[in-house]
Amino acid sequence: MSDNPFERYDIDPREGVRAITERLRELAEDAKDDDERRSIRAAWEELTMHPARRLKAALFAHPETRAPLGAAPPRAARPRAIDPGDLSWRELVVLPPVEGALTPRASAPRPRNPLDDDPIFGSQAQPATKETRTDVR
Amino acid sequence: MSGASGAASLRAEDLALLERLEDDEILARLWAWHARAPGRPPPHRRAAGMIALLRALPAAARGAGAPASNERARGAGDAAARARAGDVGAFAALLEPPSVAGWPPALLHHAALYCGEVADALDESAPDASAPPRIRSLAAWLALAQEERYLAGLARAVVGDAIAGDESARLAGEAPLQAIDALGARAALGARAQSAAGRAALRALSRVRDACAIAGCGEALRARAIARADARRAEAVEAALAPIGEALDEASARGEATARAGEILGRAVPLWHWAEYDEAVERFVVDRIIPIAWEIYREHAWARLRALIAPFEPLVESLAARIREDPEKIAYAGPCAQMLVFRSELESTLVRQIAVGERAIALCPTHRNGRLVMASYLCDSATRALQQMPIIVRRKDLAHAEAQIARAEQLYPASPKLAPAKRLLDDARRRPAL
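So the protein sequences, as listed, match chains E and Z. Using this note's numbering, the final residue of the first sequence is 137, and nothing's skipped along the way. Using this note's numbering, the final residue of the second sequence is 1434, and nothing's skipped along the way.
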C-alpha cells in the first residue's frame, strides 16, 4: 500500500479539498475499527489543513491521465409488465403442444384411457403376471 | 470476440474501457519485469495512464531516430502487443530514450514517479541495479522543472488560493530538488552501515549530470541540481566518516592516537570502496593521518610509519591524480605532497626516494618540506657520485653532479648538505677530466 494518502485512499489530487473530505468521510464511515478511522482522520488533517503538505503529496502521487470511461452501455429493453385486466380465460388455458398436432398418426401415442389411471378399474382390467400367481399360491 | 467485427460493434466508451484494461495488464507486466520483487505492491492504478501516454508518443519522442535502439524503432503498438504477450523488453525500452525533452509533462510526471518506485523496489531486491532507474526518475523531474507550466498548474489546482500563486509554483518547482534530497537521506541512512542501497543512492547522486543530459535542462537548473546532489553526497559521506573521526579523537584524548591510528583509520579504506572512491574520504584520511605520521616520524619509528601509511597509498594516489587534473583542488596539494614525502623517506634506495620526491615537488612546487627533503636527496646523490669518482673524472658524471647540486641549491639553499657537496665538487673539478 502506498504511503501517499492520495494513492492510499484513491483520491485525485486535482479534485480539491471538498472531494478529499467527502471521500475520506465515506471511508471513515466504512472503517472496520478505530485504528483505521484514526489513520483516515490523520490523512484528512494532513491533506486539508496543510496546503504545502497537500501539494507535496500531490506532486508525488500519480496523476489521473487516463481517458474517462464514459457511461455504461444501455441495458436491453425489459418486457412490458402484463396488465391482468387484459387477460381472458382463453389465455390462461395450457394448450397442447403444436408439435403433437404435426406428428404422423402411425407413431402418434395411443390416446390414454382415463380408466387406466383409476386405482380400482385399472387393476381389474390388467391381467396378473405369472410370477404374481405363484406368489399367491 | 473476434477482432475487427468485434471492435466494430463496440462503442467509444467500450473501446476506452478495453484500452484501460490492456494498459492495466501491461503496467502489471512492466512492473514485474522492472521491480524483480514479486511481493512488492505495484504502483497505484493511475500509473496505467503512463502506458497510454507511452503508446501515444510520436516516434521522434520515443527516440526512434537514435542509433542502436532498434527496440524503440518498432511501433509502440507492436511493443504493447508484445508486452501483453509477455515480452516486455520492447515496451520497457520506451521508458529509456536518450532524451525525454520532447515528452508531454504528464508522461514525465508518471515516469518520474514510476522509475522512482522501480528504484525503491530494486533497493530491496537488487540494490546494485537501482541507480539507472533513479537517474531516469531524476531526469523526468528535471525535465518537468524545466518545463515549469505543468508543475505550476498542478500546484494551482491542488492548493488553489491557500498558498500564493508564486509561492505554490516555487514549491512545485522544488520537486526535483526534493527528489535529490530524498536520495541524499537514503545515502546517509545507508552510509554508516555501508549498505548496498546506500551505495546505490550515492552512485545516483554522483550521476545527476547524466540525469541533466537526459532531461535536456538549461544551465541554471543543471547547476542547481548538481550543487544540491554534490552537497547531499558530501553529507552522506561525512555521516559515514563521523564515527571514524570520533574514534580517532577519543584515542587522541587517551594518548593512544599513534598506537591505534592504523586500526581506526583503516576503516576508511572499505568506506572509500563503498563510496566508490569518493574524494571526501581521501581528504579525510590525508587530513587525519598527517599529524599522527609526524609524531611517529619524530620518533624515527620507520617500521611503524610504513605500517601506518602503506594501506592508504591508493587513496593518496587517487587524490594526487585529482589534483593534477584539476588545479582548483590546490588546497590539498600540500597535504598530498607531504604524504608522498613520507613515502619517499621510507623507500629503500636513493633512486626511488628521488623519484617519489620529484612527484611530491611536481604536485606542490612550493612545499617547503618537500623541497628540503628533495635537496637533501640530490646532495646525497651528488656526494655519492663524487666520492666514487676515480682520479680522472668523466666530464659527463661531473656535469650530472653539478646539475644535482645546483638544483638542490635552487630548491632549498639552506640545506646543511649543500656545503659538503660543493666542497667535493670543487675537488673533482680540479682533477683531470676525460
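Built from N, CA and C at the ideal position, the CB exists for glycine as well. Nothing here was measured: the structure is a model prediction, and the numbers come from that model.
- Close to E:Ser39, with beta-carbon spacing below 9 angstroms, lies no residue of chain Z; the smallest spacing is near 17 angstroms.
- Nearest to Z:Leu1363 by C-alpha distance, out of Z:Arg1394, Z:Ile1392, Z:Asp1278 and Z:Leu1319, is Z:Leu1319.
- Close to Z:Pro1058, with beta-carbon spacing below 8 angstroms, lies no residue of chain E; the smallest spacing is near 17 angstroms.
- Boundaries cannot be given for E:Ser2, as no alpha helix (DSSP H) includes it and DSSP labels it neither H nor E.
- At a cut-off of 9 angstroms between beta-carbon atoms, Z:Pro1038 makes no contact with chain E.
- For Z:Met1389, no alpha helix (DSSP H) run applies, since DSSP gives it neither H nor E.
- Taking all protein chains shown into account, Z:His1044 has 16 or more neighbouring C-beta atoms within 10 Å of its C-beta and is therefore buried.
- Per DSSP, E:Lys56 is one residue of the alpha helix (DSSP H) stretching across Pro51 to Leu59.
- Residues of the region 1128-1142 of chain Z with a C-beta less than 7 angstroms from any C-beta of chain E: none at all.
- Apart from the 5 residues on each side of it in sequence, E:Thr48 sits with its Cβ closer than 8 angstroms to the Cβ of Val17, Ile20, Thr21 and Arg54 in its chain, given in chain order.
- At a cut-off of 9 angstroms, the C-beta of E:Arg25 has no neighbouring C-beta in chain Z.
- The Cβ atoms of Z:His1367 and Z:Gln1410 do not sit closer than 9 angstroms to each other.
- For the options E:Ile40, E:Asp33 and E:Lys32, the alpha carbon positioned closest to that of E:Arg23 is the one of E:Ile40.
- The C-beta separation of Z:Trp1141 from Z:Ala1092 comes to about 20 angstroms, leaving the pair out of contact by the 8 angstroms criterion.
- In the DSSP assignment, Z:Gln1353 falls within the alpha helix (DSSP H) that extends over Leu1350 to Leu1363.
- With the criterion set as a beta carbon lying under 9 angstroms from some beta carbon of chain E, the region 1368-1398 of chain Z has no members that meet it.
- Annotation for Z:Gly1262: Ala1307, Leu1308 and Pro1311 place their beta carbon closer than 8 angstroms to its own, counting only its chain and skipping 5 residues before and after.
- The alpha carbon of E:Glu46 has as its nearest neighbour, out of E:Glu99, E:Phe6 and E:Arg90, the alpha carbon of E:Phe6.
- Below 8 angstroms, too few C-beta pairs join the region 1218-1229 of chain Z and the region 1147-1156 of chain Z to call them touching: fewer than three.
- Counting along the chain, Z:Lys1422 sits inside the alpha helix (DSSP H) bounded by residues Leu1418 to Arg1430.
- The region 1200-1218 of chain Z makes no contact with the region 1244-1253 of chain Z, as fewer than three CB pairs between them are under 8 angstroms.
- For Z:Ala1433, the pairing in a beta bridge is given by DSSP as Z:Val1393.
- For E:Glu7, the residues of chain Z that pass the 7 angstroms Cβ criterion are His1044, in the order they occur in the chain.
- Here the C-alpha atom of Z:Asp1123 lies approximately 23 angstroms from the C-alpha atom of Z:Ile1026.
- With its beta carbon less than 9 angstroms from one in chain Z, E:Lys56 belongs to the interface.
- CA-to-CA, the gap between E:Arg38 and Z:Asp1128 works out to about 39 angstroms.
- Listed along chain Z is no residue with a C-beta nearer than 8 angstroms to that of E:Glu22; the closest approach is about 16 angstroms.
- Taking a cut-off of 8 angstroms on C-beta distances, the region 1103-1121 of chain Z touches the region 1040-1055 of chain Z, as three or more cross pairs fall below it.
- In the three-state reduction of the DSSP assignment, Z:Arg1036 falls in the coil class.
- Taken in chain order, the complete beta strand (DSSP E) segments of 3 or more residues contained in the region 1207-1242 of chain Z number zero; there are none.
- Taken in chain order, the whole beta strand (DSSP E) runs of length 3 or more contained in the region 1292-1333 of chain Z number zero.
- Exclusion of the five residues before and after Z:Pro1335 leaves Val1286, Asp1287 and Ile1290 as the residues of its chain whose Cβ lies within less than 7 angstroms of its Cβ.
- The alpha-carbon separation between Z:Arg1020 and Z:Arg1084 amounts to approximately 13 angstroms.
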